[in-house]
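Counting from 1 along the sequence shown, just add 52 to a position and that's the residue number in this note's numbering.
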Amino acid sequence: MAQEAELSVALILKSFEAVQHQRANHYARLHESFERFLESRQEGIHQQTLQELTVAFNDCSKRILDLMDLLRSHNRLDLVDLFRGVQEHERDKFKLELSLLALRQAHAFEVFSWQHEDEGIEGAGGCSHEHHATCAHAHHGASPQGALAVGEATKAEFDAAVLEATLAIDKTVLDINGILDEVKQALMEEEEEEE
53 MAQEAELSVA LILKSFEAVQ HQRANHYARL HESFERFLES RQEGIHQQTL
103 QELTVAFNDC SKRILDLMDL LRSHNRLDLV DLFRGVQEHE RDKFKLELSL
153 LALRQAHAFE VFSWQHEDEG IEGAGGCSHE HHATCAHAHH GASPQGALAV
203 GEATKAEFDA AVLEATLAID KTVLDINGIL DEVKQALMEE EEEEE
């Protein structure tokens with residue numbers, strides 16, 4: 053840490069940008085893994101990738117916290133606040149991304165009864181486990197056609213949830229990008245001062 057304490061503010065800002073670039077790569081990997089999962093239905097591989105990415109995202113956050121400590125040693129609390137803002141938005145973005153992926157997965161796996169309205173009541177099963185007398189979830193066709201299982205989202209509710217998550221992600225990305233623009237401006241100013 054002694055060597056890191058000697059980093060200039062400009063180098064700290066460049067390190068921050070490098071971490072943000074890694075986060076972007078992690079999100080790309082998350083989406084690639086999810087798309088492969090939807091195609092293959094091999095949950096184990098996707099779960100392993102999710103675990104690896106959770107560790108990677110946590111590592112990014114720890115590195116940003118370390119950079120914030122370095123900025124404090126330079127008395128650059130303005131930049132600490134910017135980094136903190138990115139951290140908060142990134143945390144929210146990750147949660148929103150996972151929520152949206154869960155919605156997309158449910159739709160892709162056709163778990164909603166409204167996705168089977170044209171199939172009729174007979175033979176519209178789809179439960180993948182052995183049946184027991186205590187089976188607690190609704191089976192397609194277990195209720196009258198068009199009826200929803202208890203607690204099941206309607207198509208309109210599902211569409212609204214997807215739209216809400218998508219808009220929230222878009223807003224979070226805009227907020228992050230706004231802060232990143234401020235960081236770039238601060239970096240340009242630091243580099244001008246060093247010349």
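Ideal placement from N, C-alpha and C gives every residue a C-beta, glycine not left out.
Residue of the options minimising C-alpha distance to residue i
i           : options               : result
residue 115 : 148, 244 and 68       : 68
residue 157 : 112, 94 and 137       : 94
residue 65  : 99, 120 and 100       : 120
residue 155 : 224, 241 and 215      : 215
residue 79  : 59, 150, 210 and 89   : 150
residue 117 : 137, 100, 102 and 103 : 137
residue 205 : 162, 228 and 123      : 162
residue 38  : 227, 59 and 167       : Nothing can be reported for residue 38, as the shown portion of the chain is limited to 53 through 247.
residue 143 : 166, 111 and 209      : 111
residue 208 : 226, 246, 167 and 229 : 167
residue 70  : 83, 169 and 236       : 236
Within 8 Å, strictly: CB atoms of residue i and residue j
i           : j           : result
residue 131 : residue 212 : no
residue 62  : residue 243 : yes
residue 105 : residue 81  : yes
residue 10  : residue 139 : Within the shown structure, residues of the chain are numbered from 53 to 247, placing residue 10 beyond reach of any answer.
residue 148 : residue 86  : no
residue 221 : residue 134 : no
residue 141 : residue 224 : yes
residue 109 : residue 146 : yes
residue 102 : residue 160 : no
| Which residue spans inside the stretch 78–144 form an unbroken beta strand (DSSP E) run of at least 3? | none
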